[in-house]
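For the sequence shown, the numbering used here assigns the number 19 to the initial residue and increments by one for each residue that follows.
Okay, so here's the structure we're looking at.
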Amino acid sequence: MLSFSMVGVGAIGVICGICCMCSQRKSLFGLLLGMEVFTLAVYVMVLDFFNYLGGSANMCLVFLVFGVCEAALGLSVLVFLVRLSGSEYVSSSSLGHF
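See below:
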């Protein structure tokens, strides 16, 4: 039976998240989804690292809380941008260009 290392799965997730963030230059929603993939992949790697060392999972919980706060802040910025300009594309607003 094949056994995959969670660090390897996390590294593939980090690469996918970075590629997703780099390819989404116009859509803020796509950028936020890429950031979530990146955050979850890093969480998987940190969780496997703490399990390997036999440490407590409290630091993993703290990291997960920060990830949820990042997602809530990104969603609030997305809602603000949609209400301000009527679209979630960055080019349609005057807040800035990527």
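Every residue, glycine too, gets a C-beta built ideally from N, C-alpha and C.
These numbers come from a predicted model, not from an experiment.
- Its chain contains Tyr61, Val64, Leu65 and Phe68 as the residues whose beta carbon lies nearer than 8 angstroms to that of Cys78, once the 5 sequence neighbours on both sides are disregarded; these appear in chain order.
- In the three-state scheme derived from DSSP, where H, G and I count as helix and E and B as strand, Ser23 is classed as coil.
- Secondary structure note for Gly73: it is in no alpha helix (DSSP H), with a DSSP letter that is neither H nor E.
- Taking one beta carbon from each stretch, the segment 89 to 109 and the segment 34 to 41 have fewer than 3 pairs nearer than 8 angstroms; the two do not touch.
- Rounded to whole angstroms, the Cβ separation of Cys34 and Val55 is 6 angstroms, and the two are in contact under 8 angstroms.
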